[in-house]
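Q:
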Amino acid sequence: MIEKLKTKLTLNEIVLSGAFLFIFLIGIFSNENFLSIRNILSLFQQMSEMGIMAMGLTLVIITGGMDLSSGTTMGLCAVVSGLCLTHGIGLALTFAISLSVAVLCGILNGVLIAVVKIPPMIATLGTQMFFNGIALALSQGNSISGIPEKFYFLGQAKVAGVPLQMILLFAFAAILFIILKKKVIGQQIYSIGNNSKASLYSGIRTTRVILFVYIVCSVLCCFAGNIQVSRVATARADMGTSFLMICISAVVLGGTSIDGGNGGITGTVVGILIFAMIGNIMNLVGISPFWQQLATGSILVLVVVFNKTIEMQKYKIKSRKV
Amino acid sequence: MSGKSFLKMENVSMTFPGIKALDDVRLEIFEGEVHALMGENGAGKSTLIKIISGVQQPDEGSKIFLDNVEVRFSNVGDSIKHGINAIQQDLSLFPNMSVAENIYLGRSKNGRVDWKECTRIAEEAIAVLGISMNVQEQLGNLSMAKQQMVAIARAISFESRLLIMDEPTATLSFSEVKMLYSIIEKLKKQNIAILFISHKLNEVFKVSDRVTVLKDGKYVGCRNIAELDENKLVQMMVGRSVAYASLNQVSYAGEKILEVNDISKKGNYKSISFDLHKGEILAFTGLVGAGRSETVKALFGLNPPDSGEIYLKGKKIEIKNVSQAIKNKIAFIPENRHEEGLVLAMTMKDNITLPILKRLMTSLQFINRRSVNEETENYVKKLNIKPPQINKLAGNFSGGNQQKIAVAKWLITDPEILIIDEPTHGVDIASKTEIHRLLKDLAKEGMAIIMVSSEWQEVFALSDRVIVMRHGRIVHEDNTATGDQNLMMEKAILGGK
Amino acid sequence: MKKILERRETGVFLILAILCFMLSIISPAFLSYTNIKNVLVNNVPLGIMAGGMTFVLITAGIDTSVASQMMFSATWISIFVTKSPLANPVTVLLLAAVIGLCTGAVNGFLISKFSIAPIIVTLGTASIYRGIILVYTNGTWIMNLPDWFTNLCRTWNMIPLPVVYTILIFVISAYILKRTYFGRSVYAIGGNRNAAKYAGVNIGKTIFLTYTYCGLMCGIAGLVIDSILGNCQPSGSTGWEMNAIAAAVIGGTNILGGSGTMAGTAIGVVMMGVIENGLVVAHIPTYYQKLVYGLIILVTVTFDVIRKNFADSRKQTIEMD
Numbered sequence: 109m110i111e112k113l114k115t116k117l118t119l120n121e122i123v124l125s126g127a128f129l130f131i132f133l134i135g136i137f138s139n140e141n142f143l144s145i146r147n148i149l150s151l152f153q154q155m156s157e158m159g160i161m162a163m164g165l166t167l168v169i170i171t172g173g174m175d176l177s178s179g180t181t182m183g184l185c186a187v188v189s190g191l192c193l194t195h196g197i198g199l200a201l202t203f204a205i206s207l208s209v210a211v212l213c214g215i216l217n218g219v220l221i222a223v224v225k226i227p228p229m230i231a232t233l234g235t236q237m238f239f240n241g242i243a244l245a246l247s248q249g250n251s252i253s254g255i256p257e258k259f260y261f262l263g264q265a266k267v268a269g270v271p272l273q274m275i276l277l278f279a280f281a282a283i284l285f286i287i288l289k290k291k292v293i294g295q296q297i298y299s300i301g302n303n304s305k306a307s308l309y310s311g312i313r314t315t316r317v318i319l320f321v322y323i324v325c326s327v328l329c330c331f332a333g334n335i336q337v338s339r340v341a342t343a344r345a346d347m348g349t350s351f352l353m354i355c356i357s358a359v360v361l362g363g364t365s366i367d368g369g370n371g372g373i374t375g376t377v378v379g380i381l382i383f384a385m386i387g388n389i390m391n392l393v394g395i396s397p398f399w400q401q402l403a404t405g406s407i408l409v410l411v412v413v414f415n416k417t418i419e420m421q422k423y424k425i426k427s428r429k430v
Numbered sequence: 050m051s052g053k054s055f056l057k058m059e060n061v062s063m064t065f066p067g068i069k070a071l072d073d074v075r076l077e078i079f080e081g082e083v084h085a086l087m088g089e090n091g092a093g094k095s096t097l098i099k100i101i102s103g104v105q106q107p108d109e110g111s112k113i114f115l116d117n118v119e120v121r122f123s124n125v126g127d128s129i130k131h132g133i134n135a136i137q138q139d140l141s142l143f144p145n146m147s148v149a150e151n152i153y154l155g156r157s158k159n160g161r162v163d164w165k166e167c168t169r170i171a172e173e174a175i176a177v178l179g180i181s182m183n184v185q186e187q188l189g190n191l192s193m194a195k196q197q198m199v200a201i202a203r204a205i206s207f208e209s210r211l212l213i214m215d216e217p218t219a220t221l222s223f224s225e226v227k228m229l230y231s232i233i234e235k236l237k238k239q240n241i242a243i244l245f246i247s248h249k250l251n252e253v254f255k256v257s258d259r260v261t262v263l264k265d266g267k268y269v270g271c272r273n274i275a276e277l278d279e280n281k282l283v284q285m286m287v288g289r290s291v292a293y294a295s296l297n298q299v300s301y302a303g304e305k306i307l308e309v310n311d312i313s314k315k316g317n318y319k320s321i322s323f324d325l326h327k328g329e330i331l332a333f334t335g336l337v338g339a340g341r342s343e344t345v346k347a348l349f350g351l352n353p354p355d356s357g358e359i360y361l362k363g364k365k366i367e368i369k370n371v372s373q374a375i376k377n378k379i380a381f382i383p384e385n386r387h388e389e390g391l392v393l394a395m396t397m398k399d400n401i402t403l404p405i406l407k408r409l410m411t412s413l414q415f416i417n418r419r420s421v422n423e424e425t426e427n428y429v430k431k432l433n434i435k436p437p438q439i440n441k442l443a444g445n446f447s448g449g450n451q452q453k454i455a456v457a458k459w460l461i462t463d464p465e466i467l468i469i470d471e472p473t474h475g476v477d478i479a480s481k482t483e484i485h486r487l488l489k490d491l492a493k494e495g496m497a498i499i500m501v502s503s504e505w506q507e508v509f510a511l512s513d514r515v516i517v518m519r520h521g522r523i524v525h526e527d528n529t530a531t532g533d534q535n536l537m538m539e540k541a542i543l544g545g546k
Numbered sequence: 199m200k201k202i203l204e205r206r207e208t209g210v211f212l213i214l215a216i217l218c219f220m221l222s223i224i225s226p227a228f229l230s231y232t233n234i235k236n237v238l239v240n241n242v243p244l245g246i247m248a249g250g251m252t253f254v255l256i257t258a259g260i261d262t263s264v265a266s267q268m269m270f271s272a273t274w275i276s277i278f279v280t281k282s283p284l285a286n287p288v289t290v291l292l293l294a295a296v297i298g299l300c301t302g303a304v305n306g307f308l309i310s311k312f313s314i315a316p317i318i319v320t321l322g323t324a325s326i327y328r329g330i331i332l333v334y335t336n337g338t339w340i341m342n343l344p345d346w347f348t349n350l351c352r353t354w355n356m357i358p359l360p361v362v363y364t365i366l367i368f369v370i371s372a373y374i375l376k377r378t379y380f381g382r383s384v385y386a387i388g389g390n391r392n393a394a395k396y397a398g399v400n401i402g403k404t405i406f407l408t409y410t411y412c413g414l415m416c417g418i419a420g421l422v423i424d425s426i427l428g429n430c431q432p433s434g435s436t437g438w439e440m441n442a443i444a445a446a447v448i449g450g451t452n453i454l455g456g457s458g459t460m461a462g463t464a465i466g467v468v469m470m471g472v473i474e475n476g477l478v479v480a481h482i483p484t485y486y487q488k489l490v491y492g493l494i495i496l497v498t499v500t501f502d503v504i505r506k507n508f509a510d511s512r513k514q515t516i517e518m519d
């Protein structure tokens, strides 16, 4: 039975499920409220913003890229929405404006990376500051309050008892899952991450695919930003900045290689869920939120080191065998 | 020649995942001799050099002796310490640094760098070569030939006892090659041994004292150059497995499909004109760096020309990018399977269907797994890919089967023109023959094939017509069945001078 | 002469000079001793970090944990000087160095031993270092650092001491980069990693030392920032890693590795300070600062990369008659 499982699952999947179970059990034993429906729903409510952003990052990282600007893109979109709403612009138009800003951000990233050919890490480092600067300038460094109540539905409404953003989270997850596994562009995303030159030689329009991926990532950040604005009823430029680190960690924890070429949405969702549970448990038990930062960093480093060690070991065994 | 052994290697083997690059090879180099290392592409020369220079470590049981004392090189520093310096084929220099520092780097006196010393050493080393050069110039600004000189200067500036030169003349002009010969003579007089790797027979006969021949990772023999003539040496290199079956007796050449008219690109190729016919196999040959790959890549939109015209079936076409090439039913199989050809971490079926995925859709625009499998299995049978496991990762197939996967990947697009760069590079003999037959069969079906190859036997056995290039130009064109082989080789090497 | 004109630093320096000239016209107070002193002193911690970052960037690496490392050191030092009877200038300096070396060495070890992308390692360690101090202090400020400690960074006879320290550190770092085998290996790895290996450079060791050195710089920056401010805010200085990278990049360090100098980084740091100060002088709200920095990074990097791509495309791939 275990042997059979071993062949079905990759090592990372086993580790990931192990970690999930471990933290889940800690949750159950540390607090009786952990398993209550209310807590579970609020857990998902809290994680959905991060989860949506992390899914966008997953796509980017699979192509071998990186979007360090995703956090500030989220902040910028949040500020733009906040300003529109407080200036009496209607909901639909606000969404449209916010989304177009996100698309522009994605295009800027994509052009710098795929056309100018700046390494993704550096290009997005620059745009990270740039977007943050725009957001700060627009909001004049203040947090925007007085968001009209009609906007609250996005982050506070419930459909049949389920928070709306949780539904959005799973909807996005399903869409991206299908794109990655069933659509041509998904296959192309993986192949670019594995070998961009061979992909180009296979007639894949690599520039277009990369552009697409960065736009999708920015758009998802925009959704995350709007959900948060709606949930907390204010908009600030620095809204997403603390998300970046956790999201990258979750993507890596979820089995997506930082060098690109493999991974998937499911892993990322589980990764985010693990981090959300850690936060949730600490919250329930009453541990300072500072511990969470420490835990996140440690988990990221441990997981990456673990994966690399296994990889090296595997390579050694392989070369000895032949 | 002193005859005193400097380096001796015995039972040297090297295995990589999936391939045995060296199998029980031996090599002995005397002090102050020029020792040529010969063999066809994939014979294991590069791997052997990497072991001598400490870049790679051989399998257990391999023995290396220096001055009859057994040694182990665990890194490059070790071999440099023992007086072994290698000039890698890609030169391995630093474009961001000055000439002087490129020559100096790797020396440390208590960890300090003495810039006066650096300049002095560099100037001395350049002077030994008998050339003039501003050593403060940044290396990245120099021509390839000058960079090559810097690499040689760097190597000899160490207290070198053995200098390894991997295809040193590949990028040099005729006069520069002469200069290199005189440098080699000078080094010999200083009792420095030289291991000389070259494809060019005349060069080997001119400079070397002894020659060791490798074939398919195995040791063939070591002879004094005086005992050999060109024929005997070629015999050793081509060896037991002999030349390939001649497939060019029958030509399936039909109507003209492609006409290239005077295309040029600065620094790549100049005034290239040729025709290509249906069912024809046209070979581009010449030395490394002659511009063959650059030229054929132009037809696939990877290296578009600055000027000139291309006509497909009499109609003028533009090929500015890969998509346009594919639309015009042109396919390109690159030389470097690992870096450019295949996505090794994806399965065979994903690799083969990658270029045509858009055609394999269900009505809901999802990828149709069943047709992916069917298409793949079709080609697995057609090309006899072994093992026929369509879900196996491409990286886990042998070299020959990887090449077949690369071919399948392009056949699936149903091309009219197939460009293939070094079709049998790094492929074992059995697969080579198989790939040759496959290409000929494709030609029989009417496909026009352009093949780039540096292996003469392959060119003469397989192609109908050959174009010889040198320095970015076409210097010779002939029919392989009737043409004079020696003339063609001469043209390639000497440019007909 | 021609060489000086060709250098990137010269261009940045000229821009800096023009900027200063323009600012002095807008506001005569800009060129006053106090203002210049404030600009320089305020940017000392950033400058020292940027110095360490320069090493890392030249190897084509990146260290996003510098701000966390600095505050890690700053926090322990502030606790040490307020609580320990052993605290004196020598022990404080030793402590700063040891803490910096440790945090840097952890980064260096993880990056060189497991060959993990530097950005991932340093993103992770950044939150570890930051998490540790926040958990320990519970996020509270450490106030009222003793006078002898803040005096380390006082202005002595019109000479601001922290600026002197920084110049000293930059001169030493420049010496290391220019004149030691380690320094040249740093350039070699960034210029052509494979060639460096063939030239006998111990890549793992050099990378390890580079991040350790960067950590050392951060440790010292932590000491200096405490001494200048007279208090320590464990949650402070977030996002400074970006400023450090920006300073190095503005000063001509190629983010793709292989080139960069300490002089350039010094000019870059001053430039950042002058821009910040200039915005204040010109009555532009400070939140435009990020916008300007971001734009500068984007423009310089885009320019660098386009220039490189252009040079590559012009390069003759084969020799022709």
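Residue numbers (the numbering used here), protein chains in the order written: chain A, 109 to 430; chain B, 50 to 546; chain C, 199 to 519.
Virtual Cβ for every residue (Gly too), placed ideally from N, Cα, C.
Remember, it's a predicted structure, so these values are computed and weren't measured experimentally.
Looking at the C-beta of B:D399, does it have a partner C-beta in chain A at a distance below 8 Å?
A: Here residue 399 of chain B is taken as the residue at index 350 of the second sequence, counted from 1. With 8 Å as the cut-off, B:D399 counts as an interface residue toward chain A.
Q: Tell me, please, whether the CB atom of A:L201 is closer than 8 Å to any CB atom in chain C?
A: The residue you call residue 201 of chain A lines up with position 93 of the first sequence. Taking Cβ atoms only, chain C never reaches closer than 8 Å to A:L201, which makes this a no.
Q: Looking at A:L165: is its Cβ nearer than 8 Å to the Cβ of A:V359?
A: Numbered from its first residue, the first sequence carries residue 165 of chain A at position 57. Numbered from its first residue, the first sequence carries residue 359 of chain A at position 251. In this structure, A:V359 lies closer than 8 Å to A:L165 by Cβ.
Q: Assuming contact is defined by CB atoms lying nearer than 8 Å, are B:R161 and C:Y409 in contact in what I supplied?
A: Working through the second sequence from its first residue, we reach residue 161 of chain B at position 112. Working through the third sequence from its first residue, we reach residue 409 of chain C at position 211. Not a contact, by the Cβ cut-off of 8 Å.
Q: Should C:G209 go down as buried or exposed, given a rule of 16 or more other Cβ atoms within 10 Å for buried?
A: The sequence position of residue 209 of chain C within the third sequence is 11, counting from 1. So C:G209 ends up on the exposed side.
Q: Answer yes or no: do B:L229 and B:L188 have a C-beta to C-beta separation smaller than 8 Å?
A: The residue you call residue 229 of chain B lines up with position 180 of the second sequence. The residue you call residue 188 of chain B lines up with position 139 of the second sequence. Contact flag unset, no.
Q: Using the Cα positions of B:F381 and A:L308, report the straight-line distance between them to the nearest angstrom.
A: Position 332 of the second sequence, counted from the start, is the residue given in the question as residue 381 of chain B. Position 200 of the first sequence, counted from the start, is the residue given in the question as residue 308 of chain A. Roughly 11 Å between the two C-alpha positions.
Q: Straight-line CA distance for A:V412 to A:L129?
A: Residue 412 of chain A sits at position 304 when you count from the first residue of the first sequence. Residue 129 of chain A sits at position 21 when you count from the first residue of the first sequence. In a straight line, the C-alpha of A:V412 is about 19 Å away from that of A:L129.
Q: Whole angstroms are fine: how far does the CA of B:E252 sit from the CA of B:T334?
A: Here residue 334 of chain B is taken as the residue at index 285 of the second sequence, counted from 1. Here residue 252 of chain B is taken as the residue at index 203 of the second sequence, counted from 1. If you take the alpha carbons of B:T334 and B:E252, they lie about 19 Å apart.
Q: Using the beta-carbon count (16 or more within 10 Å), is A:P271 buried or exposed?
A: Stepping through the first sequence from its first residue, residue 271 of chain A is reached at position 163. A:P271 is buried by the Cβ-count criterion.
Q: Here's the rule: buried if 16 or more other CB atoms are within 10 angstroms of the residue's CB, otherwise exposed. What is B:P472?
A: Along the second sequence, read from residue 1 onward, the residue named residue 472 of chain B stands at position 423. Classification for B:P472: buried.
Q: I want to verify the contact list: residues of chain A whose CB lies under 8 Å from the CB of C:I443, in sequence order.
A: Reading the third sequence from its first residue, position 245 is the one you call residue 443 of chain C. Result: L233.
Q: Along chain B, which residues have their Cβ under 9 Å away from the Cβ of A:G369?
A: Indexing the first sequence from 1 puts residue 369 of chain A at position 261. Within chain B, the residues near A:G369 are V392, A394 and M395.
Q: From B:I180 to B:C167, what does the alpha carbon distance come to, in whole angstroms?
A: In the second sequence, counting from the first residue as 1, residue 180 of chain B sits at position 131. In the second sequence, counting from the first residue as 1, residue 167 of chain B sits at position 118. When rounded, the distance between both Cα atoms is 18 Å.
Q: Short of 6 Å in beta carbon distance, which residues of its chain neighbour A:L408, apart from the five on each side in sequence? Order them along the chain.
A: For the purposes of this step, residue 408 of chain A is identified with residue 300 of the first sequence, where counting begins at 1. So the list reads S357, once near-sequence residues are dropped.
Q: Out of A:Q295, A:L284, A:G241 and A:L193, which one is the CA nearest neighbour of A:E49?
A: Nothing can be reported for residue 49 of chain A, as the shown portion of chain A is limited to 109 through 430.
Q: Using DSSP with H/G/I as helix, E/B as strand and the rest coil, what is A:N415?
A: On the first sequence, residue 415 of chain A is found 307 positions in, with the first residue counted as 1. Note: A:N415 maps to helix in three-state DSSP.
Q: For B:K264, report the span of its alpha helix (DSSP H) as first-last.
A: Residue numbering aside, residue 264 of chain B sits at position 215 when the second sequence is read from its first letter. No alpha helix (DSSP H) contains B:K264, which is instead part of the beta strand (DSSP E) from R259 to K264.
Q: State the Cα-Cα distance for the pair C:I374 and B:I113, rounded to the nearest angstrom.
A: Position 176 of the third sequence holds residue 374 of chain C. Position 64 of the second sequence holds residue 113 of chain B. C:I374 and B:I113: Cα-Cα distance of roughly 38 Å.
Q: Which residues in chain A have a C-beta closer than 7 Å to the C-beta of C:K488? List them in chain order.
A: Residue 488 of chain C sits at position 290 when you count from the first residue of the third sequence. Within chain A, the residues near C:K488 are M237, N240, G241 and L244.
Q: Taking Cβ positions only, does C:Q431 come closer than 8 Å to chain A?
A: In the third sequence, the residue the question calls residue 431 of chain C occupies position 233. Not one chain A Cβ lies under 8 Å of C:Q431.
Q: Residue range of the alpha helix (DSSP H) that B:A372 falls in?
A: To locate residue 372 of chain B, count along the second sequence from 1; it is residue 323. In the sequence as displayed, the identity of residue 372 of chain B is Ser instead of Ala. B:S372 -> alpha helix (DSSP H) spans V371 to K376.
Q: Would you say the segment 416–435 of chain C touches the segment 529–539 of chain B, given that touching needs at least three Cβ pairs under 8 Å?
A: Cβ pair count under 8 Å is below three, so no.
Q: Would you verify that the beta carbon of A:T314 is, or is not, closer than 8 Å to some beta carbon of chain C?
A: Residue numbering aside, residue 314 of chain A sits at position 206 when the first sequence is read from its first letter. No, because no Cβ of chain C sits closer than 8 Å to the Cβ of A:T314.
Q: Kindly indicate which three-state DSSP category B:H248 falls into: helix, strand or coil?
A: Your numbering for residue 248 of chain B matches position 199 in the second sequence. In this structure, B:H248 counts as coil in the three-state DSSP scheme.
Q: Do you know offhand how far C:I318's Cα is from A:A384's?
A: One-based indexing of the third sequence puts residue 318 of chain C at position 120. One-based indexing of the first sequence puts residue 384 of chain A at position 276. Distance between the alpha carbons of C:I318 and A:A384: 20 Å.
Q: Take B:G110 and list the residues in its own chain whose beta-carbon comes closer than 8 Å to its own, dropping the five residues that flank it on each side.
A: In the second sequence, residue 110 of chain B corresponds to position 61, counting from 1. Taken in chain order, the residues that qualify are N60 and S62.
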